[in-house]
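See structure below.
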Amino acid sequence: MAVESSAEQAVAPPQFITLDQTLICFDVEQPSDACQELVIGRTVAGDKPVAWRIRTNAPTRYCVCPNSGVLDCSNSVAAVVVELIGNRYNPHHKLIVQAIELLPDESVKTIWRSDRAKVVENVQTIQLELSTTLLNLDHTQHLSTESSSAQRSASVTSLLEQSSTVGAERVKELEVLLAMLESDTQQMKRNVEQTLRLKEVLEKNLVGRNETKVELKKKIADAEVKMNALQEKVAKQEVELRQSNMSRQIQSDQCVVS
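Numbering follows the UniProt record's numbering, in which position 161 of the sequence shown is assigned residue number 161; successive positions increment by one, without gaps.
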């Protein structure tokens, strides 16, 4: 008879939703509060509704609209806007997206207070990665200047040329070198993925900056029109005031002569 292991088999987390991105990168240098859009999609089969919500450890810093909802077969996607109030980013801030299947006898208003929602295996939790454009640019610059992988690759070539081992020892040596190269390759892939993600964020931020520029130019043009109108009004009033003063002076002189 087989002996059962005392260790519990790990249960795969449920998959109810997907996100179009998990990196929320705020452009904190812009004049208005930085905003990022997050798209939540439903992945469960059939007509099972899914309740979702977004939680944070800094509720006074983030305005999330909407911050909860239900996805079903008629409404399988939700667009969420995350706004960083005052552009006051802190690396200790956290944002998570949670989702749970909504049973027929459950309400979206009460599901998150139910006992079923307290069971980790029933809830899908996705932690968002929060950052700023400047931090990501610094990180990407660090990746571009990092030379450890290139140095290791050069050292591998040197080792292969200088090594005199044969047989099993040679095989073992090659396996170690292969593992090193695979590790470097995986790291480079991760670096490329991070750079591509930052590229997408920068493109979105650039669109936002261009929209802000157009809006500011319009405000400047409107302000110039108002300023010109005020200047004309002031100039007209100054002329009228001078004419009034001259008229009073003439009348005063006439009174003195008489």
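Even for Gly, the Cβ is constructed at its ideal location relative to N, Cα and C.
Within-8 Å CB hit, residue i to chain C
i	result
S68	In summary, chain C is missing from the structure at hand, where a single protein chain is found.
Assigned secondary structure, residue i (DSSP; H/G/I helix, E/B strand, else coil)
i	result
A79	strand
S147	Note that S147 scores a pLDDT of 48, beneath 50, so its modelled location is shaky; the value from the coordinates is reported in the next line. Of the three classes helix, strand and coil, the one that applies to S147 here is coil, per DSSP.
E106	coil
S247	helix
V97	strand
T133	helix
T212	helix
T165	coil
Close-in-space but distant-in-sequence residues of the same chain around residue i (CB under 8 Å, 5 per side omitted)
i	result
L129	Reading off the sequence, residue 129 comes out as Glu, not Leu. Cβ within range, chain order: T22, L23 and I24.
N122	P14, I100, E101 and R116
N90	A58 and R61
Presumed contact (8 Å Cβ cut-off) between residue i and residue j, rounded CB distance
i	j	result
V120	W52	Not really, about 16 Å apart at Cβ, beyond 8 Å.
I100	F16	7 Å
K94	T56	6 Å
Residues of its chain near residue i, where Cβ-Cβ distance is below 7 Å and the 5 sequence neighbours each way are ignored
i	result
V64	I54, V80 and V82
Cutoff 6 Å; reference residue i; Cβ partners in own chain excluding five residues on either side
i	result
Q36	I24 and V82
N67	I54
Are three or more beta carbon pairs between the stretch 24–40 and the stretch 200–209 nearer than 8 Å? yes
Touch check for the stretch 59–77 and the stretch 40–50: three-plus C-beta pairs under 8 Å? yes
Are at least three pairs of beta-carbons, each pair with one atom in the stretch 230–246 and one in the stretch 54–67, less than 8 Å apart? no
Which runs of the alpha helix (DSSP H), 4 residues or longer, sit entirely within the stretch 12–90? none
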